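Step one of this worksheet: look at the structure below.
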Amino acid sequence: MAKSAEAIAAAELKKKNKIGLSAEDKTMYTIVNIIIILLLILIIYPVIFVVSSSFSSGDAVSSGRDLLWPVEPSVVGYDIVFHYRTVWSGFANTLLYTVAGTAWNLFMTTLAAYPLSRRNFQGRGIYMTLFTITMFFTGGIIPHYLLMVNLGLTNTRWALIIPGAINVHNMIIMRTFFRNSIPGELQEAAMLDGCSDIRYLLQIVLPLSKAVMSVLLLYYAVGHWNSYYSALLYIRDETKFPLQLILRTILIASTSTDLTQIESSSAQEAAKSAGEAMRYALIVVSTAPILVVYPWIQKYFEKGVMIGSVKG
Amino acid sequence: MSEDMKKSADVVVTGTATPPPRMSPFVRRFKRDWQLHLLILLPIIWLLIFKYYPMYGAQIAFRNYRARAGIWGSPWVGLKWFRKFFNSPDFLQILGNTIILAAYSLFITFPLPIMFALMLNVLRNEKFKKFTQTVTYIPHFISVVVLVAILWQVFSPVNGLYGALFRLLGGEGYPSDIRSNASAFRHLYVWSAVWQNLGWSSIIYLASLSSVSNDLHEAAQLDGASRWKRVVHVDLPTIIPTLGIMLILRCGHILSIGFEKVFLMQNSLNLTKSEVISTYVYKHGLQGNADFSFGTAVDLFNSVVNCFMLLTVNWISKKASDDEVSLF
Numbered sequence: 028m029a030k031s032a033e034a035i036a037a038a039e040l041k042k043k044n045k046i047g048l049s050a051e052d053k054t055m056y057t058i059v060n061i062i063i064i065l066l067l068i069l070i071i072y073p074v075i076f077v078v079s080s081s082f083s084s085g086d087a088v089s090s091g092r093d094l095l096w097p098v099e100p101s102v103v104g105y106d107i108v109f110h111y112r113t114v115w116s117g118f119a120n121t122l123l124y125t126v127a128g129t130a131w132n133l134f135m136t137t138l139a140a141y142p143l144s145r146r147n148f149q150g151r152g153i154y155m156t157l158f159t160i161t162m163f164f165t166g167g168i169i170p171h172y173l174l175m176v177n178l179g180l181t182n183t184r185w186a187l188i189i190p191g192a193i194n195v196h197n198m199i200i201m202r203t204f205f206r207n208s209i210p211g212e213l214q215e216a217a218m219l220d221g222c223s224d225i226r227y228l229l230q231i232v233l234p235l236s237k238a239v240m241s242v243l244l245l246y247y248a249v250g251h252w253n254s255y256y257s258a259l260l261y262i263r264d265e266t267k268f269p270l271q272l273i274l275r276t277i278l279i280a281s282t283s284t285d286l287t288q289i290e291s292s293s294a295q296e297a298a299k300s301a302g303e304a305m306r307y308a309l310i311v312v313s314t315a316p317i318l319v320v321y322p323w324i325q326k327y328f329e330k331g332v333m334i335g336s337v338k339g
Numbered sequence: 113m114s115e116d117m118k119k120s121a122d123v124v125v126t127g128t129a130t131p132p133p134r135m136s137p138f139v140r141r142f143k144r145d146w147q148l149h150l151l152i153l154l155p156i157i158w159l160l161i162f163k164y165y166p167m168y169g170a171q172i173a174f175r176n177y178r179a180r181a182g183i184w185g186s187p188w189v190g191l192k193w194f195r196k197f198f199n200s201p202d203f204l205q206i207l208g209n210t211i212i213l214a215a216y217s218l219f220i221t222f223p224l225p226i227m228f229a230l231m232l233n234v235l236r237n238e239k240f241k242k243f244t245q246t247v248t249y250i251p252h253f254i255s256v257v258v259l260v261a262i263l264w265q266v267f268s269p270v271n272g273l274y275g276a277l278f279r280l281l282g283g284e285g286y287p288s289d290i291r292s293n294a295s296a297f298r299h300l301y302v303w304s305a306v307w308q309n310l311g312w313s314s315i316i317y318l319a320s321l322s323s324v325s326n327d328l329h330e331a332a333q334l335d336g337a338s339r340w341k342r343v344v345h346v347d348l349p350t351i352i353p354t355l356g357i358m359l360i361l362r363c364g365h366i367l368s369i370g371f372e373k374v375f376l377m378q379n380s381l382n383l384t385k386s387e388v389i390s391t392y393v394y395k396h397g398l399q400g401n402a403d404f405s406f407g408t409a410v411d412l413f414n415s416v417v418n419c420f421m422l423l424t425v426n427w428i429s430k431k432a433s434d435d436e437v438s439l440f
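Line by line, the protein sequences are chains V and B.
Throughout the first sequence, residue numbering follows the numbering used here, covering 28 to 339 in sequence.
Throughout the second sequence, residue numbering follows the numbering used here, covering 113 to 440 in sequence.
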């Protein structure tokens with residue numbers, strides 16, 4: 028009874044507020060709405076421009092006649108992209124690096140995060156300090172490069188998978204989750220039943236950690252998909268290049284299209300005049316995989332930021 | 113229950129009931145936690161090899177590194193490489209470029225997401241708010257290569273948006289190419305970062321804003337506080353601790369202007385403004401006739417300054433906030 032009365036009072040107050048907006052507040056809401064709408068336009072417009080240019084004819088793009096919607100709609104850009112050899116080897120390589128790398132990331136991150144989440148774990152402070160220092164101080168890229176040479180990892184696919192095993196920030200997110208979201212009583216009960224630490228991790232903790240696992244899976248996977256730096260440093264063979272490095276060659280480092288990389292002769296012919304349209308199409312094709320799954324995974328990413336923001 | 117579970121139960125029982133007489137606490141705790149040590153063993157080995165060994169290897173900054181002699185066999189040269197860097201004609205320009213770019217980035221990309229979060233928090237239409245969030249997060253997931261590619265396409269004077277708008281507004285022919293204009297480099301760098309991360313960086317502030325209790329707002333409202341006053345006196349104070357932590361982190365990385373985006377945006381024409389420490393290290397330490405020792409020295413200098421900045425800012429903030437806002 029009391030509750031419902033309160034609710035009614037609150038609802039009434041809300042109503043009152045809506046009706047009785049002062050002139051000052053009205054202006055404030057209007058200004059904020061206008062600014063947000065302008066920002067939305069600024070942020071979304073380049074995306075729309077790129078997508079519609081990718082669907083325009085080569086001629087319309089090269090002469091700069093496309094502004095908002097596709098001009099002389101055509102898929103010539105996509106046709107060239109689909110016949111571009113290195114783009115497909117890049118896609119295949121990136122897929123491999125993303126899948127293998129992310130699996131290795133999650134495995135190693137869990138191995139570190141779980142013991143560190145246990146408050147009375149002997150030596151926890153020392154281990155944690157070892158991890159934390161690396162967030163603020165590094166040996167630099169050249170000693171790292173020399174290490175990779177000594178280990179024989181340069182120009183191998185391992186170079187893009189093994190060294191990046193743990194992102195310390197992600198590890199802290201996982202540790203915080205283990206600590207705050209899995210009830211401590213569970214552990215006490217399991218230990219009383221003689222459950223070992225490893226078994227507790229496998230049978231109790233992991234099944235309860237789907238939320239944090241999916242967040243980190245996405246963080247790591249997007250990281251692998253988008254990275255080019257390690258490949259730039261360590262990979263020499265073009266056959267092992269990830270997609271981003273191929274994109275760098277085509278989109279940024281060169282001004283004209285390398286026709287020898289295009290398979291069919293009709294696409295080669297098209298590329299002579301529609302090189303610019305091809306660039307837009309390539310941007311769309313390479314980013315589409317992430318943007319297509321984005322609406323479904325957005326809440327997980329947000330969750331990750333929230334978990335990570337809890338100081339622990 | 114399985115056999116080994118029973119066994120370990122026995123161990124626990126006997127272990128607690130009759131502790132072995134002459135076992136030090138250290139050994140006893142190790143016996144209890146050995147599985148945890150086992151789990152963390154592989155990550156620690158990885159950490160020592162891939163993070164700590166390079167720190168040890170950074171001593172080549174003080175040696176004259178020769179590939180045949182290796183790290184340990186190369187002769188010590190003291191601060192020779194540091195002196196070479198400080199005395200080189202590029203030094204002031206590169207340090208200046210790095211600091212200006214970092215400071216400009218900080219002054220723009222730090223406050224804007226906070227303002228954006230405060231504005232989103234004012235919105236009363238939940239659906240519109242959600243939509244705005246969804247849209248503004250999108251650019252965050254675009255890779256840095258694609259970001260720079262989009263930037264270059266959009267700003268192409270011939271077939272980009274920039275050229276098209278120029279002609280639409282009555283310009284004749286093509287505008288000048290600002291992609292290779294050194295003085296435009298910093299603006300392009302910073303504002304494209306705003307475009308990419310405005311929405312994403314606001315999440316953390318939105319999260320702390322959502323923790324403001326409604327009672328507080330209602331009480332302020334009953335006292336006649338306008339929405340603007342509530343932003344200043346209710347919303348803003350709530351996010352101050354978060355803001356402090358984020359600011360410390362950003363200041364700590366003031367000199368570590370990311371290599372990736374700057375490197376992609378560089379061309380021979382904008383190098384006077386776009387050469388920063390990380391790209392300089394890459395070019396002099398790893399490319400061409402690579403000078404490993406010199407590159408490492410420059411990188412080490414950068415790393416030490418960063419570390420120092422972080423500790424200083426953290427210390428100041430700790431003092432200023434009575435231990436409320438600090439990393440350690």
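Glycine residues also receive a C-beta, built at the ideal position from the N, C-alpha and C atoms.
This structure is a prediction, so every number in the text was calculated from the model and none was measured.
Please confirm whether phenylalanine 174 of chain B has its beta-carbon closer than 7 Å to some beta-carbon of chain V.
Stepping through the second sequence from its first residue, residue 174 of chain B is reached at position 62. At a cut-off of 7 Å between beta carbons, phenylalanine 174 of chain B makes no contact with chain V.
Given a threshold of 16 other Cβ atoms within 10 Å of its Cβ, counted over all protein chains shown, does asparagine 177 of chain V qualify as buried or as exposed?
For the purposes of this step, residue 177 of chain V is taken as residue 150 along the first sequence, with counting starting at 1. Classification for asparagine 177 of chain V: exposed.
Is valine 258 of chain B close to chain V? Criterion is C-beta to C-beta, closer than 7 Å.
Numbered from 1 along the second sequence, position 146 holds the residue referred to as residue 258 of chain B. Yes - at least one Cβ of chain V is within 7 Å of the one on valine 258 of chain B.
In the DSSP assignment, find the alpha helix (DSSP H) that holds proline 170 of chain V and state where it starts and stops.
If you number the first sequence from 1, residue 170 of chain V lands on position 143. Residues 168 to 177.
Can you give the beta carbon distance from alanine 280 of chain V to glycine 104 of chain V, rounded, assuming they're within the 8 Å contact cut?
Taking the first residue of the first sequence as 1, we reach residue 280 of chain V at position 253. Taking the first residue of the first sequence as 1, we reach residue 104 of chain V at position 77. Contact check for alanine 280 of chain V and glycine 104 of chain V: beta-carbon distance about 19 Å, past the 8 Å limit, so the pair fails to qualify.
Counting only C-beta atoms, is leucine 207 of chain B closer than 7 Å to chain A at any point?
Structure shown: chain A not included; protein chains present are V and B.
Completely contained alpha helix (DSSP H) runs for the stretch 192 to 242 of chain B, where each covers 4 or more residues
Qualifying alpha helix (DSSP H) stretches, in chain order: 192 to 199, 203 to 221, 223 to 234.
State yes or no: is the beta carbon of glutamine 214 of chain V nearer than 7 Å to at least one beta carbon in chain B?
One-based indexing of the first sequence puts residue 214 of chain V at position 187. No - not a single Cβ of chain B is within 7 Å of the one on glutamine 214 of chain V.
Tell me whether tyrosine 286 of chain B sits in a helix, a strand or coil according to DSSP, three-state version.
Residue numbering aside, residue 286 of chain B sits at position 174 when the second sequence is read from its first letter. The three-state reading of DSSP puts tyrosine 286 of chain B in coil, since its state is none of H, G, I, E or B.
If we count Cβ pairs, one from each stretch, closer than 8 Å, do we get three or more for the stretch 172 to 189 of chain V versus the stretch 155 to 169 of chain B?
In short, these stretches touch, since the Cβ pair count reaches three.
Which residue's Cα is closest to the Cα of proline 210 of chain V: V:Ser241, V:Tyr227, V:Ala294, V:Val98?
Within the first sequence, the letter at position 183 stands for residue 210 of chain V. Nearest option by C-alpha distance: V:Tyr227.
Does the distance from the C-beta atom of isoleucine 324 of chain B to that of glutamine 271 of chain V stay below 7 Å?
In the second sequence, the residue the question calls residue 324 of chain B occupies position 212. In the first sequence, the residue the question calls residue 271 of chain V occupies position 244. Before going on, a small fix: residue 324 of chain B reads as valine here, not isoleucine. Taking 7 Å as the cut-off, the beta carbon of valine 324 of chain B is found no closer than this to the beta carbon of glutamine 271 of chain V.
Would you mind sorting arginine 146 of chain V into buried or exposed? The rule is 16 or more other CB atoms within 10 Å of its CB.
Residue mapping note: residue 146 of chain V aligns to position 119 of the first sequence, counting from 1. With fewer than 16 other Cβ atoms within 10 Å, it is exposed.
Under the three-state reduction of DSSP, which class applies to phenylalanine 178 of chain B: helix, strand or coil?
Taking the first residue of the second sequence as position 1, residue 178 of chain B is located at position 66. Correcting the residue type first, residue 178 of chain B is arginine in the shown sequence and not phenylalanine. In this structure, arginine 178 of chain B counts as strand in the three-state DSSP scheme.
Which runs of the alpha helix (DSSP H) spanning at least 4 residues fall entirely within the stretch 301 to 381 of chain B, listed in chain order?
The stretch 301 to 381 of chain B contains, as complete alpha helix (DSSP H) runs of 4+ residues, the segments 326 to 334, 339 to 342, 348 to 364, 371 to 377 (chain order).
Residue ranges of each alpha helix (DSSP H) run of no fewer than 4 residues wholly in the stretch 79 to 162 of chain V, ordered along the chain?
With a minimum length of 4 residues, the continuous alpha helix (DSSP H) runs that stay inside the stretch 79 to 162 of chain V are 85 to 89, 103 to 109, 112 to 144.
Could you name the residues of the same chain whose beta carbon sits closer than 7 Å to that of arginine 362 of chain B, not counting the 5 residues immediately before and after it, in chain order?
To locate residue 362 of chain B, count along the second sequence from 1; it is residue 250. So the qualifying residues of the chain are Leu218, Phe222.
List the whole-angstrom C-beta distance separating tyrosine 247 of chain V from asparagine 132 of chain V, where the pair is believed to meet the contact cut-off of C-beta under 8 Å.
On the first sequence, residue 247 of chain V is found 220 positions in, with the first residue counted as 1. On the first sequence, residue 132 of chain V is found 105 positions in, with the first residue counted as 1. Distance from tyrosine 247 of chain V to asparagine 132 of chain V at the Cβ level is roughly 4 Å; contact confirmed, criterion being Cβ atoms closer than 8 Å.
For alanine 170 of chain B, which of V:Arg112, V:Gly166, V:Ala127, V:Ser144 has the nearest alpha-carbon?
Translated into positions along the second sequence, residue 170 of chain B becomes position 58. When each option's Cα is compared against that of alanine 170 of chain B, the closest is V:Gly166.
With a Cβ-Cβ cutoff of 7 Å, do leucine 230 of chain B and valine 343 of chain B count as a contact?
Stepping through the second sequence from its first residue, residue 230 of chain B is reached at position 118. Stepping through the second sequence from its first residue, residue 343 of chain B is reached at position 231. Remark: C-beta atoms of leucine 230 of chain B and valine 343 of chain B approach each other more closely than 7 Å.
Check whether the Cβ of threonine 210 of chain B lies closer than 7 Å to any Cβ atom in chain V.
For the purposes of this step, residue 210 of chain B is taken as the residue at position 98 of the second sequence. With 7 Å as the cut-off, threonine 210 of chain B does not count as an interface residue toward chain V.
Outcome for arginine 134 of chain B when other beta-carbon atoms lying within 10 angstroms are tallied against a minimum of 16:
Against the second sequence, residue 134 of chain B aligns to sequence position 22. Exposed, by the Cβ-count rule.
Spatial neighbours of valine 319 of chain V within its chain, please: C-beta separation below 8 Å, excluding the five flanking residues on both sides.
Sequence index remark: in the first sequence, residue 319 of chain V carries index 292 (1-based). Excluding its 5 nearest sequence neighbours in each direction, valine 319 of chain V has no C-beta neighbour in its own chain below 8 Å.
For the stretch 306 to 319 of chain V against the stretch 69 to 79 of chain V, do three or more pairs of beta-carbon atoms, one drawn from each stretch, fall closer than 8 Å, so that the two count as touching?
Between the stretch 306 to 319 of chain V and the stretch 69 to 79 of chain V there are three or more C-beta pairs closer than 8 Å, enough to call the two in contact.
For leucine 138 of chain V, which option in V:Ile273, V:Leu233, V:Tyr72 has the closest C-alpha, if you only look at C-alpha atoms?
Within the first sequence, residue 138 of chain V is the residue found at index 111, counting from 1. The shortest C-alpha separation from leucine 138 of chain V is found at V:Leu233.
Leucine 300 of chain B: buried (16+ other C-beta within 10 angstroms of its C-beta) or exposed?
The sequence position of residue 300 of chain B within the second sequence is 188, counting from 1. It is buried - the Cβ of leucine 300 of chain B has at least 16 other Cβ atoms within 10 Å.
Cβ closer than 7 Å: which chain V residues qualify as neighbours of aspartate 145 of chain B?
On the second sequence, position 33 is the one that residue 145 of chain B refers to. For aspartate 145 of chain B, the chain V residues whose Cβ falls inside 7 Å of its Cβ are Phe148, Gln149, in order along the chain.
Just curious, the alpha helix (DSSP H) that phenylalanine 205 of chain V is in, first and last residue?
For the purposes of this step, residue 205 of chain V is taken as the residue at position 178 of the first sequence. Boundaries of the alpha helix (DSSP H) harbouring phenylalanine 205 of chain V: 195 to 208, taken from the DSSP string.
Less than 8 Å between the CB atoms is what I'm expecting for threonine 266 of chain V and methionine 201 of chain V, so what's the real figure, rounded?
Taking the first sequence and counting its residues from 1, one reaches residue 266 of chain V at position 239. Taking the first sequence and counting its residues from 1, one reaches residue 201 of chain V at position 174. Not a contact, Cβ separation roughly 35 Å.
Proximity of threonine 248 of chain B and isoleucine 389 of chain B at Cβ, strictly below 7 Å:
For the purposes of this step, residue 248 of chain B is identified with residue 136 of the second sequence, where counting begins at 1. For the purposes of this step, residue 389 of chain B is identified with residue 277 of the second sequence, where counting begins at 1. Annotated as distal: threonine 248 of chain B and isoleucine 389 of chain B, with beta-carbon spacing of 7 Å or more.
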